[in-house]
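Engineer: Please read through the structure below; I'll follow up with questions.
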Amino acid sequence: MADAQELAENQRRHWQDTYTAHPGMYGEEPSAAAVHTSRVFRAAGARNVLELGAGHGRDALYFAARGFTVQAADFSGTGLEELRRAARTRGLEDRVTAVVHDVREPLPLADASVDAVFAHMLLCMALSTKEILAAVDEIGRVLRPGGTFVYTVRHTGDAHYGTGVAHGDGIFEHGGFAVRFFDRDLVDALAGGWRLQEVHPFEEGELPRRLWRVTQSLPR
Ligand SMILES: C[S@@+](CC[C@H](N)C(=O)[O-])C[C@H]1O[C@@H](n2cnc3c(N)ncnc32)[C@H](O)[C@@H]1O
């Protein structure tokens, strides 16, 4: 079992290596979560979107193609290189910027400067409860009043929960990927001070991964 800092560094290396070996590992099509979220953001009147944990950009590019201005962040520069390449290929480079950023650090953005935030399978990475709470505080800081945050996370109903290498704080590792499995108490804790609009269960991929899609917004 690695300590928290060692685990975080191992994971960053693992994601770098994974995107080097499989630059477009999640495919070119957007996730179902992003397709739904694009409609939610549009209905809320959002124009610019911050995506955290964007990886190689299947969803960031979808938001851009739907007319949003997108700031994409991930701690893997390799993933973001692929995102930039794909943005150029699709003629979307004017709508998407990409920045290497570890979600455990403060966001390099001004207060109340973004309309909407999306994070698909980021908060369920190798993050402690304290780091997750701090990240959501930061998201609340950069979102404008009334802004919408949609995130997805694997939860304790997932087949991998409680199996593989245990790292503590609900984190279990399979095939080199460490995942933090959410319980409902954590979702509720992250909604403190927000308006919790929806906790929607869904599945993705072959296992299948079992996830919640959570929608919450700031008071106006
Ligand atoms: C399960 S993948 C999902 C990628 C993308 N959201 C998608 O669905 O195509 C998780 C992503 O989070 C990134 N990530 C993991 N831990 C991170 C951290 N501490 N800070 C920023 N990004 C992180 C990984 O590099 C990876 O791209």
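Numbered according to this note's numbering, the sequence shown spans residues 982 to 1201. Glycine included, C-beta positions come from ideal geometry on N, C-alpha and C.
Please say whether G1121 and R1201 have beta carbons closer to each other than 8 Å?
Structural biologist: no
Engineer: Give the list of continuous beta strand (DSSP E) stretches no shorter than 3 residues that lie fully inside the region 1098-1164.
Structural biologist: 1124-1135, 1146-1149, 1152-1155 and 1158-1161
Engineer: I need the boundaries of the alpha helix (DSSP H) containing K996, first residue and last residue.
Structural biologist: Note on identity: in this sequence residue 996 is Trp, with Lys being the wrong assignment. A985 to A1002 is the extent of the alpha helix (DSSP H) around W996.
Engineer: Does any heavy atom of ligand 1 sit closer than 7 Å to the C-beta of H1017?
Structural biologist: no
Engineer: Please name the residue or residues paired with S1198 in a DSSP beta bridge.
Structural biologist: T1129 and R1176
Engineer: Please classify F1153 as buried or exposed, where buried requires at least 16 other C-beta atoms within 10 Å of its C-beta.
Structural biologist: buried
Engineer: Are the CB atoms of V1095 and L1031 nearer to each other than 8 Å?
Structural biologist: yes
Engineer: Should D1139 and R1191 be called a contact, given that it needs their Cβ atoms to be closer than 8 Å?
Structural biologist: Yes, they are a contact pair.
Engineer: Looking at F1130 and ligand 1, is the gap between the Cβ and the nearest heavy atom below 7 Å?
Structural biologist: Checking the Cβ of F1130 against ligand 1 gives no.
Engineer: Which runs of the beta strand (DSSP E) spanning at least 3 residues fall entirely within the region 1013-1096, listed in chain order?
Structural biologist: 1029-1033, 1050-1055 and 1077-1081
Engineer: How long is the line joining the alpha carbons of T999 and V1051, rounded to whole angstroms?
Structural biologist: 24 Å
Engineer: Ordered along the chain, which non-local residues of its own chain (more than five positions away) have a Cβ less than 8 Å from that of L1103?
Structural biologist: L1033, G1034, V1084 and Y1132
Engineer: In angstroms, rounded to a whole number, what distance separates the CA positions of L1042 and L1073?
Structural biologist: 7 Å
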